[in-house]
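First comes the structure, then the notes that go with it.
There are 2 protein chains.
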Amino acid sequence: MSKSSNTVWHQATITRSNREQLNRHGSAILWFTGLSGSGKSTLAHAVEDELYRRGCRTTVLDGDNVRHGLCGDLGFSEIDRTENIRRIGQVATLFVDAGVIVLTAFISPFRIDRERVRMMVERAEDFIEIFCDCPLEVCEQRDVKGLYQRARKGEIADFTGISSPYEQPEKPDLVIDTGHQELSACVSEVISYLQQRKLIPAL
Amino acid sequence: MSKSSNTVWHQATITRSNREQLNRHGSAILWFTGLSGSGKSTLAHAVEDELYRRGCRTTVLDGDNVRHGLCGDLGFSEIDRTENIRRIGQVATLFVDAGVIVLTAFISPFRIDRERVRMMVERAEDFIEIFCDCPLEVCEQRDVKGLYQRARKGEIADFTGISSPYEQPEKPDLVIDTGHQELSACVSEVISYLQQRKLIPAL
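Protein sequences appear in the order of chains H and P.
Residue numbering for the first sequence follows the numbering used here, beginning at 1 and increasing consecutively.
Residue numbering for the second sequence follows the numbering used here, beginning at 204 and increasing consecutively.
Shown next as structure tokens:
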């Protein structure tokens, strides 16, 4: 008989709280939602940049690192969009358990999909919904990727704001006026909020 | 016209290398593979425990936190197992990009599925395949969850080692004799390897 076949192998468990202690900050999901071109991804990366300077552990999930990988098998139909947001929500909760502040930047147009993510987290306050409030006209004027022009021509189906609805958050934790403010002002508002919530220490 | 509609919002980027500097260790996937009962999950958690003591940022992905969440829609057919491992691989690469040492504990019986994960990572050496080498007899004798008994009775279909194949790694980065060694000895072997590879500093 093998030497250790009767040995009990004790299961060690490092908890989220252990990790938060090591990191010296809390973990949470910062869920940026808004129209295409409203500045979600840029703002998420800029907030991450500031958090990095402060020694925080972070990650950004956005179309660039999720759409071709984890969700590479999904399209843009309503059912696929729902599954897309579900998977992102699940991955975000894994990062929260790992003690990481995870910033997600997806249009996530449907209220029910965002609410489902809020239901996934351990504590409701782990999910911080940040509405990037930018008028459709401004997004369309920016049109960085030329997507609005193509959507107006009918070349893209189900385009949020044009041919598919965007359901604004009813009670977002934070509204950032990304349509009229400079980026640095937007970043400051998010950072102040995180300090108020005591997720990160004041400088 | 809105004030900042013509302002270019510069996209900040915190890189994996930035994060590794902040953490003072490298990131990688430690992919534990082996039969049910071979000690993958226990070993992964015990290695994480030791890494935590050393101030490393880690996370464990195993059935407990993935099977009901991210992969809750998948069963145990060959096609679903392949999709399961694909998603886990994608999530693991997101953690690696975030500077985290991610320890995965899944039977992952098919060589091709594990090789696909190796192809997902930025550098082949980011994927460290650790074979938990434990004879089927020992796993079956332990039978912590009573699964082997149920599989032998035919109550579980496609059970690895009984009614479904386990394809042993051909060139694993590390082979740990989890069938005959104490847990602490197994942990030491993994930690030594990570030091040799300079992923973590020597104490």
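Beta carbons are placed, not taken as given, at the ideal position from N, Cα and C, and that holds for glycine.
Residue i, buried or exposed, once every other Cβ within 10 Å from all chains shown has been counted against 16
i, result
"residue 73 of chain H", "exposed"
"residue 122 of chain H", "exposed"
"residue 271 of chain P", "exposed"
"residue 345 of chain P", "buried"
"residue 220 of chain P", "exposed"
"residue 260 of chain P", "buried"
"residue 61 of chain H", "buried"
"residue 4 of chain H", "Reliability fails at residue 4 of chain H, whose pLDDT of 41 lies under 50, so the model's placement of it is uncertain and the value that follows must be treated cautiously. By the 10 Å Cβ count, residue 4 of chain H comes out buried."
"residue 144 of chain H", "exposed"
"residue 293 of chain P", "buried"
"residue 169 of chain H", "buried"
"residue 157 of chain H", "exposed"
"residue 151 of chain H", "buried"
Close Cβ partners of residue i (< 6 Å) along its chain, the five nearest in sequence each way excluded
i, result
"residue 128 of chain H", "28, 30, 173"
"residue 203 of chain H", "none"
"residue 193 of chain H", "174"
"residue 209 of chain P", "Low per-residue confidence applies at residue 209 of chain P: pLDDT is 42, beneath 50, and the placement is therefore not dependable enough to give any value."
"residue 201 of chain H", "none"
Cβ shell of residue i (< 7 Å), same chain only, five flanking positions each side left out
i, result
"residue 269 of chain P", "291"
"residue 93 of chain H", "120, 121"
"residue 253 of chain P", "390, 394"
"residue 223 of chain P", "229, 230, 302"
"residue 52 of chain H", "58"
Cross-strand partners of residue i (DSSP beta bridge)
i, result
"residue 28 of chain H", "H/101"
"residue 265 of chain P", "P/308"
"residue 160 of chain H", "H/164"
"residue 129 of chain H", "H/31"
"residue 378 of chain P", "P/334"
Reference residue i; option with closest CA among the options
i, options, result
"residue 286 of chain P", "P/316, P/336, P/365, P/381", "P/316"
"residue 242 of chain P", "P/337, P/402, P/363", "P/337"
"residue 382 of chain P", "P/264, P/301, P/334", "P/334"
"residue 366 of chain P", "P/374, P/321, P/356", "P/356"
"residue 329 of chain P", "P/350, P/304, P/347, P/342", "P/304"
"residue 257 of chain P", "H/54, H/170, H/23", "H/23"
"residue 115 of chain H", "H/70, H/171, H/140", "H/171"
"residue 380 of chain P", "P/350, P/342, P/349", "P/342"
"residue 86 of chain H", "P/273, P/314, P/358", "P/273"
"residue 81 of chain H", "H/52, H/111, H/59", "H/111"
8 Å Cβ shell around residue i - same chain, five flanking residues per side excluded
i, result
"residue 363 of chain P", "238, 239, 310, 312, 369"
"residue 198 of chain H", "26"
"residue 339 of chain P", "238, 364"
"residue 149 of chain H", "143"
"residue 124 of chain H", "118"
"residue 399 of chain P", "none"
"residue 96 of chain H", "16, 27, 28, 29, 102, 121, 122, 126"
"residue 63 of chain H", "41, 105, 106"
Residue i: CB within 7 Å of a non-hydrogen atom of the ligand HEM
i, result
"residue 183 of chain H", "The ligand HEM is not part of this structure, which contains no ligands at all."
Neighbour list for residue i in chain A, Cβ cutoff strictly below 8 Å
i, result
"residue 272 of chain P", "As a matter of chain content, chain A is missing from the structure shown, whose protein chains are H and P."
(request) Assess, as a yes-or-no matter, whether the region 299 to 312 of chain P is touched by the region 218 to 237 of chain P under the definition of 3 or more beta carbon pairs within less than 8 Å. (result) They touch, by the three-pair rule.
(request) Determine contact between the region 166 to 184 of chain H and the region 36 to 55 of chain H, defined as no fewer than three beta-carbon pairs at a distance below 8 Å. (result) In short, these stretches touch, since the Cβ pair count reaches three.
(message) Taking 8 Å as the cut-off, does the region 11 to 24 of chain H touch the region 76 to 83 of chain H (at least 3 CB pairs, one atom from each stretch)?
(response) Pairwise C-beta distances place the region 76 to 83 of chain H out of contact with the region 11 to 24 of chain H, as fewer than three of them are shorter than 8 Å.
(message) Count Cβ pairs between the region 45 to 64 of chain H and the region 187 to 203 of chain H that sit closer than 8 Å; are there 3 or more?
(response) Judged by Cβ distances under 8 Å, the region 45 to 64 of chain H makes contact with the region 187 to 203 of chain H, as three or more pairs qualify.
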